Structure formats: C-alpha cells, structure tokens
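The structure under discussion appears below in the form of structure tokens.
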C-alpha cells in the first residue's frame, strides 16, 4: 500500500504557523515512507475564501520547500466527483 497524505488549508488568510506545521508533518511523513503529498484547497467558505489567500498559502509552502505531488484540488470544483461517488455507494448498498 502506498502512503498518501494531504494538506487541506482553508484559504481565508495567510499560511500560519499551525498550518505550516501540519503541512510539514504531512509532507515529511509522505517523503519518509515513499508516498505522495497532496494539496487540497478547502474553498467551501465562499464568503471568506479568496484567490489572494490561495496564492499566499502556495507561496508560503513554496518558501518552505514543501512541494506537492498532486493538486491543488479545489473542493468547490469537485462536487460532480463527490456526487458520482455518493451515487455509486448508494447503488452498491454501502449507504442507508
């Protein structure tokens, strides 16, 4: 089994120390185990999420040399995928 970790910041401001620590831990764990590190942007707070915050978070991660292997995936652009998986799970009887 291949390890896959992710960092999923909410783009409502700059990358802060707690977020940087979480990203670093996930990145180190993936690298230590030959896995992949995914960046997923939790942009579902439409009122507070901004493109500038997304750019600032990515700039901060680049400054820390935390390169992601996949993504960035934007949650608001994946609703079709989520609905397809929900439908599949319902059809296969995995949900009530």
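Residue numbers (my numbering): 3 to 98.
By construction, the Cβ of each residue, glycine as well, lies at the ideal position given by its N, Cα and C atoms.
Everything numeric in this text was worked out from a predicted model, so none of it was measured.
Quick check on DSSP: helix, strand or coil for residue i?
{"i": "residue 6", "result": "strand"}
{"i": "residue 93", "result": "helix"}
{"i": "residue 73", "result": "strand"}
{"i": "residue 15", "result": "coil"}
{"i": "residue 80", "result": "coil"}
{"i": "residue 26", "result": "helix"}
Item to complete: Check whether the segment 56–70 touches the segment 7–22, taking contact to mean three or more Cβ pairs, one atom from each stretch, closer than 8 Å.
Response: Cβ pair count under 8 Å is three or more, so yes.
Worksheet item: Counting only runs that start and end within the segment 33–65, where is the alpha helix (DSSP H) found for 4 or more residues in a row?
Response: Listed in chain order, they are 53–65.
Worksheet item: Can we say the segment 31–50 touches the segment 87–98, given the rule of at least three CB pairs closer than 8 Å?
Response: They do not touch, by the three-pair rule.
Practice prompt. Could you say if the segment 28–42 and the segment 60–77 meet the contact criterion of at least three C-beta pairs nearer than 8 Å?
Written response: These segments touch.
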